[in-house]
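K.L.:
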Amino acid sequence: MKHIILLIMGALLISNSIAQEDKKKDRRSEKMEMMTVWKLTEHLKLTEEQGEKFFPRFRGHREELEKIHQEQRQLMQTLQEKIERGDEIKDNEIKSQVENLAELEKRKLEFQKKFILDLEGVLNNAQRAKLIGFERRLKQEIKDQMKEHRKEKKRSHEKRGRKKGFWN
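Under this note's numbering, think of the first position of the sequence shown as 4, with each following residue one higher.
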């Protein structure tokens, strides 16, 4: 009886911790979405009217891109699992995976091209041109901020006299 109770309690603790992780991911993705909307509005200098037309399309575009990314991750995960299990990977499997990944990349590029071109009448040409490089610019900004945050964290640890790492 004690074992059953312990198992149930363990399962509850694990499920609770998984639920908390999901909430953290949801909050992070909400924050990222808000930051993206803010940065886009600022970068493209959107009017209120443009924003009302643009952002529903943008969200739909992002959802479709996420589906493609999910397919890419699934293909890569399948291949990774075979590698980890030590399964033999045949030439035709590699060829098939590469072709599938290339096809997904092609779909993604076509989808992005169509999205930008379909914004004619919503955004002016200068705004559409800025939108083309926006995602790359945003990712670089985020990387730079993370790098700076790590440096600041390291400096604050060193000021407090903490060691640099586990073995040092």
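Just so you know, even glycine gets a beta-carbon here, dropped at the ideal spot from N, CA and C. Quantities reported herein were computed from a predicted structural model and do not represent experimental measurements.
Measuring CB to CB, does Arg31 end up less than 8 Å from Ile71?
P.N.:
Working through the sequence shown from its first residue, we reach residue 31 at position 28. Working through the sequence shown from its first residue, we reach residue 71 at position 68. Not closer than 8 Å, so no.
K.L.:
Could you tell me the alpha carbon to alpha carbon distance between Glu69 and Leu78, rounded to whole angstroms?
P.N.:
Here residue 69 is taken as the residue at index 66 of the sequence shown, counted from 1. Here residue 78 is taken as the residue at index 75 of the sequence shown, counted from 1. Approximately 14 Å between the Cα atoms of the pair.
K.L.:
Are the Cβ atoms of Gln75 and Leu104 separated by less than 8 Å?
P.N.:
Taking the first residue of the sequence shown as 1, we reach residue 75 at position 72. Taking the first residue of the sequence shown as 1, we reach residue 104 at position 101. Yes, these two residues count as a Cβ contact at 8 Å.
K.L.:
Across the region 35–47 and the region 83–97, are there enough close Cβ pairs to call them in contact, namely three or more that are closer than 8 Å?
P.N.:
No, because fewer than three Cβ pairs between the region 35–47 and the region 83–97 fall closer than 8 Å, the two stretches do not touch.
K.L.:
So for Glu123, helix, strand or coil by DSSP?
P.N.:
By 1-based counting over the sequence shown, the position of residue 123 is 120. Looking at Glu123 - three-state DSSP - the assignment turns out to be strand.
K.L.:
Quick one: grab the DSSP three-state call for Lys93.
P.N.:
Residue numbering aside, residue 93 sits at position 90 when the sequence shown is read from its first letter. Correct three-state label for Lys93: coil.
K.L.:
Measure the alpha-carbon distance for Leu47 versus Leu134 and round it to whole angstroms.
P.N.:
Against the sequence shown, residue 47 aligns to sequence position 44. Against the sequence shown, residue 134 aligns to sequence position 131. Computed Cα separation, rounded: 7 Å.
K.L.:
Could you check if Leu126 is buried or exposed, using at least 16 other CB atoms within 10 Å of its CB as the buried criterion?
P.N.:
Residue numbering aside, residue 126 sits at position 123 when the sequence shown is read from its first letter. It counts as buried.
K.L.:
How is Lys146 classed by DSSP in three states: helix, strand or coil?
P.N.:
Stepping through the sequence shown from its first residue, residue 146 is reached at position 143. Of the three classes helix, strand and coil, the one that applies to Lys146 here is helix, per DSSP.
K.L.:
Just verifying my parser: in three-state terms, what is the DSSP assignment at Leu47?
P.N.:
Taking the sequence shown and counting its residues from 1, the one referred to as residue 47 is at position 44. The answer is helix: DSSP assigns Leu47 an H, G or I state.
K.L.:
For Met35, which option in Lys142, Asp147, Lys150 and Lys156 has the closest C-alpha, if you only look at C-alpha atoms?
P.N.:
Here residue 35 refers to the residue found at position 32 of the sequence shown. Ranking the options by Cα distance to Met35, first place goes to Lys142.
K.L.:
Have a look at His64, His152 and Leu82 and flag the residue whose alpha-carbon is nearest the alpha-carbon of Ile97.
P.N.:
Position 94 of the sequence shown, counted from the start, is the residue given in the question as residue 97. For the residues His64, His152 and Leu82, the minimum Cα distance to Ile97 belongs to Leu82.
K.L.:
Is the beta carbon of His64 sitting closer than 8 Å to the one on Phe137?
P.N.:
In the sequence shown, counting from the first residue as 1, residue 64 sits at position 61. In the sequence shown, counting from the first residue as 1, residue 137 sits at position 134. No, they are not a contact pair.
K.L.:
Below 8 Å on the Cβ atoms is my contact criterion, and I expect Leu49 with Phe61 to pass it. Report the Cβ-Cβ distance as a whole number of Å.
P.N.:
Walking along the sequence shown from the start, residue 49 turns up at place 46. Walking along the sequence shown from the start, residue 61 turns up at place 58. About 10 Å; that fails the 8 Å criterion.
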